[in-house]
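First comes the structure, then the notes that go with it.
Number of protein chains: 2
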Amino acid sequence: MRDYYTITELTREFGISTRTLRFYEDEGLIHPVRRGRTRLFRPADRILIKQILRGKRLGFSIAEIREIIQMYKAPPGEVGQLRTIINKAAEKREELRQKRKDIEDTLAELEQVEEACLGRLAELRVTS
Amino acid sequence: MRDYYTITELTREFGISTRTLRFYEDEGLIHPVRRGRTRLFRPADRILIKQILRGKRLGFSIAEIREIIQMYKAPPGEVGQLRTIINKAAEKREELRQKRKDIEDTLAELEQVEEACLGRLAELRVTS
DNA sequence: AGATACTCTTACGTAAAAGTCAAATAAGTG
DNA sequence: CACTTATTTGACTTTTACGTAAGAGTATCT
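One line per chain: the protein sequences are A and B, in this order.
When we follow numbering that gives the first Met the number 0, the leftmost residue of the first sequence carries the number 0, and every step to the right adds one.
When we follow numbering that gives the first Met the number 0, the leftmost residue of the second sequence carries the number 0, and every step to the right adds one.
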C-alpha cells in the first residue's frame, strides 16, 4: 500500500480528469494533503474516490454522495445524532432496494429482447 | 384500463411536471396523440413513462433510455440489425449487473453503519 | 539550459434535464 | 355566459457536473 498518489496517477487509474478530482475536493468529498501547493492523495482518499464513482454509477448526485460518505465517517456522536444517522441509512437502503428492483425488472426485459431476437434469427435461418 | 389519460393525471400519478412530459415528447420518448392541440396519453404511453422514470432512477441519461426503449420496440428486422440489438442488450445487461454489484456493496456498507450506530447506542445506555 | 511533464489557481463555457414565466386557447361548471 | 381550471407553445433561466483555456510555478530528463 502506497503512502501517496499523485493526482495524475489517480486520474489514470480511474479514467477521470484532474478537474474532476479538484472538483470533488471543492465539494468537500475528499481532502488530499498538500506538499507546497501540490495535492497528495492518501490511500483513504483513493477509497473515497472509489465510493464516489460507485455512487455516480448509481445515479446519485454529488450532494447525495456527500451524505452517504458522511454517514460512513460519522463520529461516535450523541444519541440524537446516532438516531438521525440510523434513519438516513435506512432511507438510503430503501432507495437502493428500489434501484435493485428496477435493475431486476430491466434485466428481465432485456433478456426477453434477446430471446425475441434469437427466436427471430432462428426463424430467418429456417425460412431462407 | 383507461383509454386516455390527460397530462395532469399523469403528472400527479408520477409526481413529475407537465414540462417534463413535454420534454420527453420532444426527445421522442413518448408520442401522445392529439385531440385538437391537447395531448392524450394512452396506456402504452403510461407504460413508457414508467420505463423512463425507472431508467432515470438508475442514472441513465435520456439518450441511454431512448436506446433501451428502442430495443423493446425493435421491429423484426434483418439479420444484421438483430445481431446489433442482441449485442447492445448484452452490453446494457453487463452495465446493469455492475450497478447491481455497486448496490450490494453500498447496502452492505450502510448495514455496517447502522450496526455501528446501534452498538454505540447500546454502549451509551450502559455507560450513562 | 532547454524541453518535457506535472501541477496549481482562476475563470469562463457547456450539455443535460428540466424549471419558470408569458400569452393564448380550450374546456368544463355554477 | 362568466368564471375557473387545464393546456398549449415558446422562450428564457437554472442547476449540476464537470470541460477548457490561460498563465504561472515546479520537477525531471537530456
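Yeah, the Cβ is synthetic: ideal placement off N, Cα and C, and Gly gets one too.
Starting from the Cα of residue i, find the closest Cα among the options and give me that residue.
i       : options                          : result
I84(A)  : F59(B), R18(B), I85(B), C116(B)  : C116(B)
K100(B) : G54(A), L123(A), I64(A)          : G54(A)
F13(A)  : E108(A), D104(A), E24(A), Q50(A) : Q50(A)
V78(A)  : A89(B), Q111(B), R119(B)         : R119(B)
L81(B)  : E122(A), D104(A), V32(A), K72(A) : E122(A)
I68(A)  : A73(B), E90(B), G76(B), Q111(B)  : Q111(B)
A176(B) : L106(A), R124(A), G76(A), E93(A) : Residue 176(B) lies beyond the residue range present for chain B, which begins at 0 and ends at 127; the question has no answer from this structure.
R56(A)  : R45(B), Q97(B), R38(B)           : Q97(B)
T37(B)  : D104(B), L109(B), Y3(B)          : Y3(B)
So, is the C-beta of residue i closer than 8 Å to a C-beta in chain B?
i       : result
Q69(A)  : no
G58(A)  : yes
D101(A) : yes
D44(A)  : no
A107(A) : no
Would you give the residue range spanned by the beta strand (DSSP E) that residue i belongs to?
i      : result
L39(A) : 37–39
R1(A)  : Here R1(A) belongs to no beta strand (DSSP E), and DSSP marks it neither H nor E.
At what residues does the alpha helix (DSSP H) containing residue i begin and finish?
i       : result
G79(A)  : 78–126
P42(A)  : 42–56
L162(B) : This structure cannot speak to residue 162(B), because chain B is shown only from 0 to 127.
I64(B)  : 61–71
Going by beta-carbon coordinates alone, are residue i and residue j separated by less than 8 Å?
i      : j      : result
K87(A) : E63(A) : no
I48(B) : L9(B)  : yes
R1(A)  : P42(A) : yes
Looking at the C-beta of residue i, does it have a partner C-beta in chain A at a distance below 8 Å?
i       : result
A128(B) : No answer is possible for residue 128(B): the residues shown for chain B start at 0 and end at 127.
E26(B)  : no
A62(B)  : no
R53(B)  : yes
V125(B) : no
L47(B)  : no
Specify whether the segment 27–39 of chain A and the segment 20–32 of chain B touch according to this definition: at least 3 beta carbon pairs, one from each stretch, less than 8 Å apart. no
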